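Chains as they are written, first to last, in my numbering: chain A, 1 to 220; chain B, 1001 to 1220.
Idealized CB from N, CA, C, for every residue including glycine.
Because the structure is a prediction, the values reported are computed rather than measured.
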DNA sequence: AGTATTTTTTAGCCATGACTAAATATATTT
DNA sequence: AAATATATTTAGTCATGGCTAAAAAATACT
């Protein structure tokens, strides 16, 4: 079943909310997420339900179906492969991706995606460290520990960020933090949860609790 | 002035007709080209005129403005750069490009296009041998002689095709003809205009007048 | 339980880009 | 020059994806 770009965007949103444990999803939550009005959401839910992507009962909220889940993973795969391309091949910057991947992820061509995957060397993670679903929608995942949960003296490698907002990404860049960077916890301040890190064995850096919670690592 | 994808497609069509000498362009011609109805064309012409892309007088047909020309060249540039990418990097085939470039050419991002140009090594021609406008809309062109106009014993290199239809491209592929191939005219049949060629110094090939007219060469 | 509040849906409208059918302008023919 | 034919435009309709305002359902409160 073919979806319009708008339908695909809603489906991504529904999948994301459901994956983060919110279930059933309310019309208002979805309206909030999609930056639109509840009345528009109701319209769209009817369309997605008619196409078998969600199960939707009036006033009872939304659940994604397995067909919907599969489609959402397909869209996510397209988006993330494009993101890898934009960063690795075109040398775009973290915070320059959003608008472009929003457009590119809706181009539906199995051939294109298969070739792109091959061209990129079958990447397993996007530039933010999130896993890329394979062509069957399977996700290979590693344990991810927020910097905030690391102990003093513990070392880890940054493997992902859990906030893709432009302001956060710009901050990380300026602070010298990136996917793959090694960090060592020098100090934790109990009072406010802030931390002092040693980045790449050379640079000392203070970060707030909020920042520490959004940087995900693989501990050594 | 931002154009919708539909407006961009019409503008490309208008530019193409005008470049091929048809001027002013009639509503019917455009409807024919765009595979739509004259009434829809009239609607669209009003929109494009309001946006300064064309000059349009009721019942008098269409002329493209310099702003429209510039925009059309920009869209063409985007398309052709994507086509180079799809063929050179993703190893797609001539006849697999159409649908994809139709979608990709509407993604408007100067940064993306600039980086893509750089990544591809500033290509001057698309996979069909047509020149790619530079960022100022300038086109570098070479003389192009249809195979049909070559004389017996004359050698030339295939540099372009003037018909991008899937059926023609598949035929060329099957016949072993491609951009860059060397051809030598062995014989010309006056009666029907058909020709016999020697391709790449090894393979003999008979082609019809229609085919010969649509293969463009740079004679040695 | 009965009222008040919040959430959700319905109803009706807007713009885009298509369409058909009817009206009008231009071209051609006699 | 008038009649006919062709081309083009207008008017009204449809689907998509938004919106607002009003109605209806679910939830919360006294």
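- Hey, quick one: how far does the beta strand (DSSP E) through residue 217/A stretch, first residue to last? Indexing the first chain from 1 puts residue 217/A at position 217. From DSSP, the beta strand (DSSP E) with residue 217/A extends over 215-219.
- Apply the 10 Å Cβ neighbour rule to residue 28/A and answer buried if 16 or more other Cβ atoms are within range, or exposed otherwise. In the first chain, the residue the question calls residue 28/A occupies position 28. It counts as exposed.
- Task: For residue 1169/B, return the contacting residues in chain A, with the cut-off set at a CB-CB distance below 7 Å.
- Result: Reading the second chain from its first residue, position 169 is the one you call residue 1169/B. What residue 1169/B touches in chain A, judged by beta-carbon distance under 7 Å, is nothing: the nearest beta carbon there is about 16 Å away.
- Task: Please check if any C-beta of chain B sits within less than 8 Å of the C-beta of residue 78/A.
- Result: Sequence index remark: in the first chain, residue 78/A carries index 78 (1-based). The beta carbon of residue 78/A sits no closer than 8 Å to any beta carbon of chain B.
- Using DSSP bridges, identify the partner residues of residue 1122/B. In the second chain, residue 1122/B corresponds to position 122, counting from 1. Answer is none; residue 1122/B lacks a bridge partner.
- Using a Cβ-Cβ cut-off of less than 9 Å, list which residues of the stretch 80-96 of chain A approach chain B; keep chain order. So the close ones are 86, 89, 90, 91, 92, 96.
- Query: Does residue 119/A come within less than 8 Å of chain B when only Cβ atoms are used?
  - Reply: Here the question's residue 119/A lines up with position 119 in the first chain. By this cut-off, residue 119/A is an interface position.
- Message: I'd like the list of long-range same chain contacts for residue 1106/B, defined as Cβ closer than 7 Å, with 5 residues on each side in sequence excluded.
- Response: Indexing the second chain from 1 puts residue 1106/B at position 106. Excluding residues within five positions, the ones whose Cβ falls inside 7 Å are 1005, 1008.
- Message: As an exercise, report each continuous alpha helix (DSSP H) stretch of at least 4 residues that is fully enclosed by the stretch 102-158 of chain A, in chain order.
- Response: The qualifying runs are 110-119.
- Of the residues 3/A, 2/A, 16/A, 10/A, the one placed nearest residue 162/A, counting alpha carbons only: Numbered from its first residue, the first chain carries residue 162/A at position 162. Of the candidates 3/A, 2/A, 16/A, 10/A, 16/A places its Cα closest to the Cα of residue 162/A.
- Query: Using a Cβ-Cβ distance under 8 Å, would residue 1166/B count as near chain A?
  - Reply: Counting from 1 along the second chain, the entry for residue 1166/B is found at position 166. Chain A contact via Cβ: absent.
- Item | Interface flag, residue 1033/B vs chain A, CB-CB below 8 Å | To locate residue 1033/B, count along the second chain from 1; it is residue 33. No, because no Cβ of chain A sits closer than 8 Å to the Cβ of residue 1033/B.
- Item | Where residue 1200/B falls: helix, strand or coil (DSSP) | In the second chain, the residue the question calls residue 1200/B occupies position 200. Coil, per DSSP.
- Message: DSSP three-state label for residue 90/A, please.
- Response: On the first chain, residue 90/A is found 90 positions in, with the first residue counted as 1. In the structure shown, residue 90/A sits in coil (DSSP, three-state: anything other than H, G, I, E or B).
- Inter-residue Cα distance where the pair is residue 128/A and residue 84/A: As a working note, residue 128/A is residue 128 in the first chain. As a working note, residue 84/A is residue 84 in the first chain. Their backbone Cα atoms lie some 9 Å apart in a straight line.
- Message: To the nearest angstrom, how far is the alpha carbon of residue 1190/B from that of residue 1057/B?
- Response: Counting from one through the second chain, the residue named residue 1190/B turns up at place 190. Counting from one through the second chain, the residue named residue 1057/B turns up at place 57. Each residue's Cα considered, the two are about 47 Å apart.
- Message: I believe residue 1219/B touches residue 1156/B by the beta-carbon criterion, under 8 Å. Please report the beta-carbon distance rounded to the nearest angstrom.
- Response: Against the second chain, residue 1219/B aligns to sequence position 219. Against the second chain, residue 1156/B aligns to sequence position 156. About 4 Å separates the two Cβ atoms, so the contact holds.
- Item | Interface positions of the stretch 193-209 of chain A facing chain B (Cβ-Cβ less than 8 Å), listed along the chain | none
- Terminal residues of the continuous alpha helix (DSSP H) containing residue 84/A? Taking the first residue of the first chain as position 1, residue 84/A is located at position 84. Under the DSSP assignment, residue 84/A falls in the alpha helix (DSSP H) whose first and last residues are 66-84.
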